[in-house]
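Reading through the structure tokens given below for one structure.
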Amino acid sequence: MNIFSSLLFSVNLFIFANGAPPWKPQVHRRMSNKQLNEIFTVNSIERVPDYELVRVRMIWRERNDDKIIKNVLFTALENQYFLQLERNTDFDDQLQYMKMYRARGGRIEDIDALHEDPNPGKTYHDLKNMAAVTIRLTKDDTLEMEGLIGADLITKPMPAQFLTMEDESFLEKQDFYDEVVYLPDGTSFNVSQSPVISSGYHFVYHSYPLWKDINKLYNDDNSNKDDDVGEFEDDDSEYDDDENNDFEYDEEITLSKIHSRNEERSLPDPKFKFSNDYLKDSIIHLMSDTVSSRPKSKTVWPEILLFVDHKNYNRHDRNYIQIRRYYINLLNAVDLRYRTFSFPKIRMILAGIVVADSEAGVPYLENSRLAFPNSNLVDDVTALFDLSEYVYSVERLPKYDIVVALTAFDLISLSKRKTEVVADTTGMAYIDGACRTREKQQRVLSVSLIEDRGMLNSVITATHEIAHLLGSVHDGSSSTNGGLGALDCKSELSLIMNSQSTGLQMKWSKCSIRQIQDSMKKEQVSCLRDHPDESRILADNFLRQIKQGRRNKRKQACFIFS
């Protein structure tokens with residue numbers, strides 16, 4: 001399938017703003033903390049990032065190449081952007097089957113019907129400019145566009161009630177553009193002669209990388225408190241090293257993690273100290289697998305099940321529609337980063353969103369938290385191990401291939417004696433874990449754990465960890481299972497499979513592409529070759545009526561090891 005689909009006309013979006021206006025918008029000062037949280041994912045005026053207000057126009061024009069493309073041209077935050085957006089059809093078509101669930105201890109509840117989005121919109125991509133957005137039209141035809149452009153530029157629609165006459169007057173004066181626009185393909189068109197279908201005002205601002213977020217949160221005076229809309233009580237028990245048993249690594253599993261590039265910091269508890277020595281990423285390897293005798297598949301569809309912890313539930317104001325929209329945008333952006341794979345094509349599918357509304361819904365995190373006053377810190381290795389057991393045991397999960405658990409807790413790597421923090425971790429996964437289950441150990445290996453704090457700053461981490469599950473090691477590392485490895489590729493900061501998180505990784509190395517392509521030939525990943533069509537609903541309903549539905553359903557989705 002080509003990047004661009006074919007139709008008879010083109011709809012064009014344009015955003016116009018003055019690149020460096022002397023006037024600074026003050027809209028955020030008229031917002032409540034709840035509203036600030038919804039737009040900027042912060043809970044106070046002081047934390048609002050620098051932003052600009054821009055006007056988005058949807059303009060219709062005919063095309064001679066029979067393609068439908070939504071073109072976005074704008075200048076904001078001293079940069080110019082031109083986007084050519086195409087509908088993400090594979091992703092959108094499966095969203096109609098995606099449900100939301102609430103985690104309650106060892107089981108989940110289907111709550112999708114109670115929190116249906118009245119205006120979900122459609123998702124779009126621009127591969128050349130790495131833009132992944134959702135576009136909606138309101139009842140009065142106001143345009144709303146939200147999502148991620150490039151590595152860290154966020155667009156959010158602005159509610160009309162916050163715009164004053166003074167703001168609107170200034171924006172109208174700044175709303176200028178060239179009469180003729182020249183496109184990258186050498187063609188041009190007259191903007192003034194293009195009918196406007198709809199428009200709307202938007203916030204445009206830069207997200208900050210997770211490692212900056214970690215430093216900012218950790219250096220607060222109340223660093224041990226949860227940085228949420230709602231707060232939780234910390235465990236005030238004394239730290240007891242004997243209660244934290246050393247983790248015993250599985251002798252057939254490779255553990256890989258991505259570290260944040262933050263500076264050295266001091267932990268509040270004197271029993272801990274920080275070291276700049278990073279943990280080795282490869283512990284012990286998975287057994288090598290055989291190459292599948294099946295015909296090579298031109299497309300694979302990893303079905304991603306998202307687990308959202310209670311901290312992120314609170315961060316999104318306990319609003320399931322807001323949560324749904326945010327994580328659709330997140331996975332849409334992850335999916336975009338896999339569009340550079342051509343054989344096989346990789347198309348992410350959102351299998352469901354499981355939301356924990358309390359600590360009881362995330363036992364894999366609660367059992368791995370450090371004691372007060374470090375209760376915002378989570379032992380990454382123990383948490384991932386517990387997650388693999390939890391996913392195996394929890395009932396009523398929908399069909400999935402990969403689980404991505406997102407947390408607003410601070411993941412850290414501890415020394416073996418658990419007396420030293422050796423690294424900050426933004427994500428962890430088992431290499432080659434996709435579709436794998438250990439029946440004897442009662443564990444699912446197709447799991448990953450990543451930090452997420454609400455500004456789409458976990459897109460790169462999620463992309464990175466899913467790549468580990470699909471068989472890729474870090475650039476510059478050797479293979480863990482007798483495979484190709486990545487020794488031929490240097491670990492550069494711009495590469496997605498660099499071992500340290502910068503938040504700005506945008507490209508795949510040739511080694512990463514080669515490893516994932518090789519992994520897709522294995523029988524182990526046969527679950528990824530199943531097209532997620534309407535039959536998933538019939539299968540899900542049928543399996544729920546079977547007493548052992550949980551285990552049978554898992555066998556349908558995963559490669560089983562006895």
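Taken in order, the sequence shown gives residues 1 to 562; the numbers are from the UniProt record's numbering.
All residues carry an ideal CB built from backbone N, CA and C; glycine is no exception.
Just so you know, these numbers come straight off a predicted model, no measurement behind them.
Q | Buried or exposed by the 16-neighbour rule on C-beta atoms within 10 Å, applied to serine 458 | A | By 1-based counting over the sequence shown, the position of residue 458 is 458. Serine 458 comes out buried.
**Q.** Simplified DSSP assignment, three categories, for proline 157
**A.** Mapped onto the sequence shown, residue 157 falls at position 157. The answer is strand: DSSP assigns proline 157 an E or B state.
(Q) Please report the straight-line C-alpha distance between phenylalanine 91 and methionine 520, rounded to a whole angstrom. (A) In the sequence shown, residue 91 corresponds to position 91, counting from 1. In the sequence shown, residue 520 corresponds to position 520, counting from 1. Rounded to whole angstroms, phenylalanine 91 to methionine 520 spans 20 Å at the Cα level.
Q: Compute the Euclidean distance between the alpha carbons of alanine 434 and glutamine 500, then round it to the nearest angstrom.
A: The residue labelled residue 434 in the question sits at position 434 within the sequence shown. The residue labelled residue 500 in the question sits at position 500 within the sequence shown. Cα to Cα, alanine 434 sits roughly 22 Å from glutamine 500.
Q.
Looking at the strands, I want to know which residues DSSP matches up with histidine 464.
A. As a first step, residue 464 is located in the sequence shown; it is residue number 464 there, counting from the start. Beta bridge pairing from DSSP links histidine 464 with no other residue.
Q.
Cutting at 6 Å between CB atoms, please list the residues of its own chain near glutamate 303, excluding the five before and the five after it.
A. Along the sequence shown, one-based indexing puts residue 303 at 303. If you ignore the 5 residues before and after glutamate 303, its C-beta comes within less than 6 Å of the C-beta of Ile349, Ala351, Tyr400, Asp401, Pro532, all in its own chain and listed in chain order.
**Q.** Pick from Asn319, Arg417, Ile39 that is closest to glutamate 52, judged by C-alpha positions
**A.** Taking the sequence shown and counting its residues from 1, the one referred to as residue 52 is at position 52. Ranking Asn319, Arg417, Ile39 by CA distance to the CA of glutamate 52 puts Ile39 first.
Q) Given glutamine 515, which residues of its chain have a CB within under 6 Å of its CB, disregarding the five upstream and five downstream residues? A) Walking along the sequence shown from the start, residue 515 turns up at place 515. Excluding positions up to five away in sequence, the list reads Gly471, Ser472, Leu484.
Q: Output the distance between the C-alpha atoms of aspartate 234 and isoleucine 431, rounded to the nearest integer angstrom.
A: One-based indexing of the sequence shown puts residue 234 at position 234. One-based indexing of the sequence shown puts residue 431 at position 431. The predicted position of aspartate 234 is uncertain, since its pLDDT is 32 and thus under 50; a value taken from the coordinates is nonetheless stated next. As the crow flies, the alpha-carbon of aspartate 234 is around 33 Å from that of isoleucine 431.
**Q.** For asparagine 219, three-class secondary structure by DSSP
**A.** Here residue 219 refers to the residue found at position 219 when the sequence shown is read from its first residue. Low per-residue confidence applies at asparagine 219: pLDDT is 32, beneath 50, and the placement is therefore not dependable, though the value from the model is reported in the following sentence. In this structure, asparagine 219 counts as coil in the three-state DSSP scheme.
Q. Hey, valine 404 and isoleucine 450: beta-carbon distance below 9 Å or not?
A. Taking the sequence shown and counting its residues from 1, the one referred to as residue 404 is at position 404. Taking the sequence shown and counting its residues from 1, the one referred to as residue 450 is at position 450. Result yes, Cβ atoms of valine 404 and isoleucine 450 sit closer than 9 Å.
Q.
Considering only the alpha carbon of each residue, which of Thr187, Arg47, Glu86, Glu465 lies closest to aspartate 126?
A. Counting from 1 along the sequence shown, the entry for residue 126 is found at position 126. Looking from the CA of aspartate 126, the closest CA among Thr187, Arg47, Glu86, Glu465 belongs to Glu86.
Q: Give me the Cα-Cα distance between methionine 428 and glutamate 465, rounded to the nearest whole angstrom.
A: Reading the sequence shown from its first residue, position 428 is the one you call residue 428. Reading the sequence shown from its first residue, position 465 is the one you call residue 465. Near 6 Å, if we compare the C-alpha coordinates of glutamate 465 and methionine 428.
Q) Touch check for the region 388-397 and the region 100-108: three-plus C-beta pairs under 8 Å? A) Taking 8 Å as the limit for Cβ pairs, the verdict is that the region 100-108 does touch the region 388-397.
Q: Kindly indicate which three-state DSSP category arginine 318 falls into: helix, strand or coil?
A: Locating residue 318 in the sequence shown gives position 318, counting from the first residue. Reduced to three states, the DSSP call for arginine 318 is coil.
Q. Would you report the Cα separation of lysine 70 and glutamine 84, rounded to the nearest angstrom?
A. In the sequence shown, the residue the question calls residue 70 occupies position 70. In the sequence shown, the residue the question calls residue 84 occupies position 84. Spanning the alpha carbons of lysine 70 and glutamine 84 requires a straight line of approximately 6 Å.
Q | Close-in-space but distant-in-sequence residues of the same chain around arginine 339 (CB under 6 Å, 5 per side omitted) | A | Here the question's residue 339 lines up with position 339 in the sequence shown. Excluding residues up to 5 positions away in sequence, Leu127 lie with their Cβ nearer than 6 Å to the Cβ of arginine 339 in the same chain.
Q | Residue-chain proximity (valine 204, chain D), Cβ-Cβ < 9 Å | A | The structure shown contains no chain D; it is built from a single protein chain.
Q: Please state whether DSSP places leucine 484 in a helix, a strand or coil.
A: For the purposes of this step, residue 484 is identified with residue 484 of the sequence shown, where counting begins at 1. In the displayed model, leucine 484 falls within coil according to three-state DSSP, outside both helix and strand.
Q.
Tell me the rounded alpha-carbon separation between isoleucine 45 and glutamine 322.
A. As a first step, residue 45 must be located in the sequence shown, where it is residue number 45. As a first step, residue 322 must be located in the sequence shown, where it is residue number 322. If I take the Cα positions, the gap works out to 20 Å.
**Q.** Endpoints, alpha helix (DSSP H) assigned at threonine 340
**A.** Residue 340 sits at position 340 when you count from the first residue of the sequence shown. Note, threonine 340: premise wrong, no alpha helix (DSSP H); not H, not E.
Q) Does the region 319-338 come close enough to the region 380-387 that 3 or more CB-CB pairs lie under 8 Å? A) Contact annotation: the region 380-387 does not touch the region 319-338, with fewer than three C-beta pairs closer than 8 Å.
Q. Which value, in whole angstroms, describes the spacing of the CA atoms of leucine 445 and leucine 384?
A. Against the sequence shown, residue 445 aligns to sequence position 445. Against the sequence shown, residue 384 aligns to sequence position 384. Their Cα atoms are separated by approximately 9 Å.
**Q.** Cα-Cα separation between glutamate 263 and aspartate 410, rounded to whole angstroms
**A.** Position 263 of the sequence shown, counting from 1, holds the residue named residue 263. Position 410 of the sequence shown, counting from 1, holds the residue named residue 410. Because the pLDDT of glutamate 263 is 36, which lies under 50, any placement of that residue in the model is unreliable, and the question is left without a value.
**Q.** Check whether arginine 453 and alanine 423 have beta carbons under 9 Å apart
**A.** Locating residue 453 in the sequence shown gives position 453, counting from the first residue. Locating residue 423 in the sequence shown gives position 423, counting from the first residue. In this structure, arginine 453 keeps its C-beta atom at 9 Å or more from the C-beta atom of alanine 423.
**Q.** Supposed contact pair glutamate 389 and arginine 443 - C-beta distance, whole angstroms, cut 8 Å
**A.** Within the sequence shown, residue 443 is the residue found at index 443, counting from 1. Within the sequence shown, residue 389 is the residue found at index 389, counting from 1. The pair is a contact, with the Cβ atoms about 5 Å apart (cut-off 8 Å).
Q: Whole angstroms is fine: what's the gap from phenylalanine 74's alpha carbon to asparagine 119's?
A: What you label residue 74 is simply residue 74 of the sequence shown in a count that begins at 1. What you label residue 119 is simply residue 119 of the sequence shown in a count that begins at 1. Those two C-alpha atoms are separated by around 25 Å.
Q | Length of the line joining the Cα atoms of aspartate 357 and lysine 156 | A | The residue labelled residue 357 in the question sits at position 357 within the sequence shown. The residue labelled residue 156 in the question sits at position 156 within the sequence shown. The C-alpha of lysine 156 is placed about 25 Å away from the C-alpha of aspartate 357.
Q) Where are the alpha helix (DSSP H) runs, 4 residues long or more, that stay fully inside the region 336-405, in chain order? A) Within the region 336-405, the complete alpha helix (DSSP H) runs of at least 4 residues are 363-366, 380-393.
(Q) Closest to arginine 136 by C-alpha separation, out of His202, Met98, Gly186, would be which residue? (A) For the purposes of this step, residue 136 is identified with residue 136 of the sequence shown, where counting begins at 1. When only C-alpha atoms are compared, the closest one is His202.
(Q) Measuring only the C-alpha atoms, how far is isoleucine 353 from valine 180? (A) The sequence position of residue 353 within the sequence shown is 353, counting from 1. The sequence position of residue 180 within the sequence shown is 180, counting from 1. So the two alpha carbons sit approximately 45 Å from each other.
Q: Using alpha carbons as the reference points, say which of Ser368, Cys489, Gln517, Leu336 lies closest to methionine 506.
A: Locating residue 506 in the sequence shown gives position 506, counting from the first residue. Among Ser368, Cys489, Gln517, Leu336, the Cα nearest to that of methionine 506 belongs to Leu336.
Q) Do you know whose CA, among Glu146, Ile460, Asp140, lies nearest isoleucine 197's CA? A) Mapped onto the sequence shown, residue 197 falls at position 197. When each option's Cα is compared against that of isoleucine 197, the closest is Asp140.
Q. Beta-carbon separation of aspartate 317 and lysine 34 under 9 Å?
A. Within the sequence shown, numbered from 1, the residue matching residue 317 stands at position 317. Within the sequence shown, numbered from 1, the residue matching residue 34 stands at position 34. Between aspartate 317 and lysine 34, the CB-CB gap stays under 9 Å.
Q. How long is the line joining the alpha carbons of alanine 360 and aspartate 309, rounded to whole angstroms?
A. Stepping through the sequence shown from its first residue, residue 360 is reached at position 360. Stepping through the sequence shown from its first residue, residue 309 is reached at position 309. Rounded to whole angstroms, alanine 360 to aspartate 309 spans 10 Å at the Cα level.
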